[in-house]
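*Asks:* Quick one: the structure is below, questions incoming.
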Amino acid sequence: MKGIIENRDTFLNKIAHQLGRTPTKNIEQPIWQYQPQDRVLKDATQDELVAVLQEQCLNINTNVVITNTAKLADTLQTVVDSFGGRSVITWKDDRFQKYGLSQLMNEQWPQANIDLYVWNSAQPEENIIQAEKANIGITISEMTLAESGTAVLFSDKDKGRSVSFLPEKSIILIPKSTIVPRMTQAARWIREKMHSGEKVASCVNFITGPSNSADIEMILVVGVHGPIKAIYIVIEDQ
Amino acid sequence: MSMKTSDDPFKNRVSKELTNTFMRGAVSSAQERFQTRRLKQADELGHWEEWRSHGEEIRQHVLANLDYYLYELSENVSKRGGHVFFAQTAQEATAYIQQIANEKQARKIVKSKSMVTEEIHLNAALEQLGCEVIETDLGEYILQVDDHEPPSHIVVPALHKNKEQIRDVFKDKQGYDKTEKPEELALYVREKLRNEYLTADIGITGCNFAIAESGSITLVTNEGNADLVTALPKTQITVMGMERIVPTFEEMEVLVSLLTRSAVGQKLTSYITTLTGIKDEGDTDGPEEFHLVIVDNGRSDILGGEFQPILQCIRCAACVNACPVYRHVGGHTYGSIYSGPVGVVLSPLLGGYEDFKELPYASTLCGACTDACPVKIPLHQLIHKHRQVIVENEGKAPVSEKLLMKAFGFGAASPSLFKMATKMASPVMSPFTKDNKISNGPGPLKAWTADRDFPAPNKENFRDWFKKRPIGGEE
């Protein structure tokens, strides 16, 4: 359903009047004189981008582990153990199966007393309760920005925003093929999707490491309202 | 309603803040860190001047076509189920938001950091209705608990407080019993606020950049508080200054890249979030109802005039961090929620010259702010323009300056008086002169020499010197 728009005409008329013209609903698309963003990491290979990502993660209190699909289950287990196990929440996402994680998540974890909760759009209240309780949240990056060390997440009914925000620890899986130079490529990709008729996700998150603050005497504190610890697992053959 | 934060006269504020030694130490070390980080990031990025020029051209294009982009934005927000309210004044904005709070029978409201909501005094308006309003940004929360102390910096609101003072605020007001370690203080706030997000009726945010093409709003934080404010409560209200808008995701990206580098010296902050409309079908988190309140509150009067470039501002505070005057007097001296050079330019425009006529004089016009600005606002020139307006149109020049100008006008109007005055300047001032400097001047000079020295007049006036110089000249 469309939302209501109030007081628009008077408001926009005043702006146009101040600008010395009548309100306009047509303008020429701007042609920018400067485009410095294209030069950043312009000719970097995928391997070089991985190296840039690793280097940047040193600045953002985020560990990076590099693995491949065959070893992913073992790697993930090690990371989950290092975070103290206990309870995990994930999106409902076929990629976990595709990445060979079904056995780990559905058989090994129950035996090791690690609770797994999979986001369920039919149980909204339970989703939040579980996300709030979970020790670890696992998500998957749709596009990864090497320059800033950023994972891009799109929300939908199976991919709740809270999975990456409420648990104390955050694990983000990063298929190597999703790594691009910087935010420029992500912005263009989102526009391309829009122009081909796709709806922009109600929430697009550009996440760069764990939450932090320097509000007290400019001293960095890692972990304020969002996760206290974050780790990226790069999957080389995905 | 104004954005005034103090009724104390400007001079008293200056004197008071100059004796606040912790604040002065904190501000100067913060400025240094901010500056170093910003320059390092600009250097790593490369072609920084080109980035600034791109930022500038985007902001200028948007301002020149602001009605077009606001129309497009409102259409696209509405298509995604959001309501848009255009508020000409602060009162219209707060009345609309009060009405929503009433409709929702809201008791608890969580907020993420927003300068425009400070500007329109939104918290007070909601508290009037009996709502509990909780600021969730760590710095803002500290100030709120400390009896709503005003912010002293646009990006780091509690910069003037040390950790011991913060510990005592929580101890006195909330019975906090741990140490002054920042980690412990932050953990305490995390635990305290977690439940507030989960039980709040409404979440209120500001807006770093709205995106016209997609009808989205972008929020930039390090703490992740804006994400919880918008993910958990059923109703979301976003308040934006009408100029905080870009055409598409691509320009948003450029401005965010400039903002995070200039504000905190980070390539990106931990959380950049773009939110579009209400939550999608089947979504658990996100609001069922979304209101975007677009605020004018004096901004349109700036459009089309000589101060228009100040509307390019993206609120990074790089100018604040570069300013030698801010370094000494701190944020509270400005008596406005907007401090530093941006505050000097913006406060008289939005709040009126009556309340802020001294601010344009709280500047050395050195231009460090202009050099630091990522979107190339000619800040020191705008400050100078304010002085012109104050003297020429408003008749509000400081009294000593008026006397001085009057005397100069009187003396300079007659050749013989001028000659006598320039000849007499040196002997008349000699009782006040030491080492060719006047440190304790009489009459109209008093205000100047209270803070700094004034050069003593030359013993020989220009005309005499000109006449006596070797090549000769005529009177």
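Each protein sequence line maps, in turn, to chains A and B.
In our numbering, each number is its position in the first sequence, counted from 1, plus 615.
In our numbering, each number is its position in the second sequence, counted from 1, plus 77.
Positions of the beta carbon are idealized from the N, C-alpha and C atoms, including for glycine.
1) Is the Cβ of A/V819 closer than 7 Å to any Cβ of chain B?
2) Using a Cβ-Cβ cutoff of 9 Å, what residues of the region 313-325 of chain B are near chain A? List them in chain order.
3) Cβ of A/D830 less than 7 Å from any chain B Cβ?
4) Looking only at its chain, what residues have a beta carbon closer than 7 Å to the beta carbon of B/L215, apart from the 5 residues adjacent to it on each side?
5) Could you tell me whether the Cβ atoms of B/S189 and B/A303 are closer together than 7 Å?
6) Give the residues of chain A in contact with B/Y348, contact being defined as C-beta atoms less than 8 Å apart.
7) Would you report the Cα separation of B/C396 and B/G283, rounded to the nearest angstrom?
8) Taking the C-alpha atoms as reference points, what is the distance between A/N674 and A/G764?
9) What does A/F711 reach in chain B if we use C-beta pairs closer than 9 Å?
10) Which first and last residues belong to the beta strand (DSSP E) in which B/D313 is found?
11) Give a yes or no on whether the minimum CB-CB distance between B/E300 and chain A is below 7 Å.
12) For the region 161-182 of chain B, enumerate the residues whose C-beta is nearer than 9 Å to any C-beta of chain A, in chain order.
13) Could you pull the start and end residues of the alpha helix (DSSP H) that A/D689 belongs to?
14) Can you list, in chain order, the residues of its chain with a C-beta nearer than 6 Å to that of B/H230? Leave out the 5 residues immediately preceding and following it.
15) Using a cut-off of 9 Å between C-beta atoms, extract the partners of B/P259 located in chain A.
16) Does any residue of chain B bring its CB to less than 7 Å from the CB of A/Y732?
17) Within this structure, are the beta carbons of B/V154 and B/L369 separated by less than 7 Å?
18) Could you work out which residues of chain B lie near A/S763, taking near to mean beta carbons separated by less than 7 Å?
19) Could you check whether the Cβ of B/M78 sits closer than 7 Å to any Cβ belonging to chain A?
20) Give the DSSP-derived three-state secondary structure of A/M758 in the structure shown.
21) Taking only beta-carbon positions, decide if B/I243 is within less than 7 Å of chain A.
22) Might you give, ordered along the chain, the residues of its own chain that have their beta carbon closer than 6 Å to the beta carbon of B/G102, omitting 5 neighbours on each side?
23) By alpha-carbon positions, which one of B/T351, B/V210 and B/N200 ends up nearest to B/I294?
24) What residues of chain B sit near A/E747, judged by a beta carbon separation below 9 Å?
25) Helix, strand or coil for A/A845 per DSSP?
26) Just how far apart, CA to CA, sit A/L687 and A/S756?
27) Per DSSP, B/K188 forms a beta bridge with which residues?
28) Give the list of continuous alpha helix (DSSP H) stretches no shorter than 4 residues that lie fully inside the region 496-537 of chain B.
29) Give a yes or no on whether the minimum CB-CB distance between A/N728 and chain B is below 7 Å.
30) Nearest by alpha-carbon distance to B/D530: which of B/S516, B/K536 and B/F543 is it?
31) Cβ atoms of A/W706 and A/W724: under 7 Å apart, would you say?
32) Pick out the complete beta strand (DSSP E) segments inside the region 90-177 of chain B, 3 residues or longer, and give them in chain order.
33) So if I threshold CB-CB distances at 8 Å, which residues from the region 120-149 of chain B count as touching chain D?
34) Is A/G752 helix, strand or coil by DSSP?
35) Give me, in chain order, the residues of the same chain whose beta-carbon lies closer than 8 Å to that of A/F719; leave out the 5 immediate sequence neighbours on both sides.
36) What residues in the region 355-373 of chain B bring their beta carbon closer than 8 Å to a beta carbon of chain A?
*Replies:* By the coordinates alone:
1) At least one beta carbon of chain B lies nearer than 7 Å to the beta carbon of A/V819.
2) Contact residues of the region 313-325 of chain B toward chain A are M319, P324 and T325 (C-beta to C-beta distance below 9 Å).
3) Closer than 7 Å to some Cβ of chain B, the Cβ of A/D830 qualifies, so yes.
4) Within the same chain, B/L215 has close Cβ partners A263, V266 and E300.
5) One thing to note: B/S189 has its Cβ within 7 Å of the Cβ of B/A303.
6) For B/Y348, the neighbours in chain A by C-beta distance under 8 Å run, in chain order, N820, F821, I822, T823, S826 and G841.
7) Rounded to the nearest angstrom, the two C-alpha atoms are 21 Å apart.
8) Computed Cα separation, rounded: 9 Å.
9) Taking the beta carbon of A/F711 as reference, no residue of chain B falls within 9 Å; the closest one sits roughly 19 Å away.
10) For the record, residue 313 of chain B in the displayed sequence is Gln; it is not Asp. Where B/Q313 is concerned, the enclosing beta strand (DSSP E) stretches over T312 to G318.
11) Any Cβ of chain A closer than 7 Å to the Cβ of B/E300 would place that residue at the interface, and such an atom is present.
12) Against chain A - using a Cβ distance shorter than 9 Å - the residues of the region 161-182 of chain B are V161, F162, F163, A164, Q165, E169 and Y173.
13) Counting along the chain, A/D689 sits inside the alpha helix (DSSP H) bounded by residues T684 to S697.
14) Exclusion of the five residues before and after B/H230 leaves L236 and G408 as the residues of its chain whose Cβ lies within less than 6 Å of its Cβ.
15) Residues of chain A passing the Cβ test: S828, A829, D830, I831, E832, I834, L835 and V836.
16) Among the CB atoms of chain B, none fall inside 7 Å of the CB of A/Y732.
17) A contact, by the Cβ cut-off of 7 Å.
18) What A/S763 touches in chain B: K344 and L345.
19) Any reading at B/M78 must be qualified, since the residue scores a pLDDT of 43, below 50, and its modelled position is unreliable; the value itself is stated next. Interface with chain A (7 Å Cβ-Cβ cutoff): B/M78 is excluded.
20) Three-state DSSP puts A/M758 in a strand.
21) Chain A, which has a Cβ nearer than 7 Å to the Cβ of B/I243, makes this yes.
22) For B/G102, same chain residues with a beta-carbon under 6 Å away, outside a window of 5 residues either side, do not exist.
23) If we check each option's Cα against that of B/I294, B/T351 comes out closest.
24) Neighbours of A/E747 in chain B, taken as residues whose beta carbon is under 9 Å from its own, are R271 and L275 in chain order.
25) In the three-state scheme derived from DSSP, where H, G and I count as helix and E and B as strand, A/A845 is classed as strand.
26) Linking A/L687 to A/S756 through their CA atoms gives a straight-line distance of about 15 Å.
27) Beta bridge pairing from DSSP links B/K188 with B/E212 and B/I281.
28) DSSP runs (the alpha helix (DSSP H)) wholly in the region 496-537 of chain B: 523-528.
29) Not one chain B Cβ lies under 7 Å of A/N728.
30) Cα-wise, what sits closest to B/D530 is B/S516.
31) No, the Cβ-Cβ distance between A/W724 and A/W706 is not below 7 Å.
32) Those beta strand (DSSP E) runs which fall completely within the region 90-177 of chain B and span 3+ residues are 160-164.
33) You won't find chain D in this structure, because its protein chains are A and B.
34) Three-state result, A/G752: strand.
35) As written in the sequence, residue 719 of chain A is Leu, which differs from the Phe given in the question. Excluding positions up to five away in sequence, the list reads A688, L691 and Q692.
36) Listed in sequence order: I355, K356, D357, E358, G359, D360, T361, D362, G363, F367, I371 and D373.
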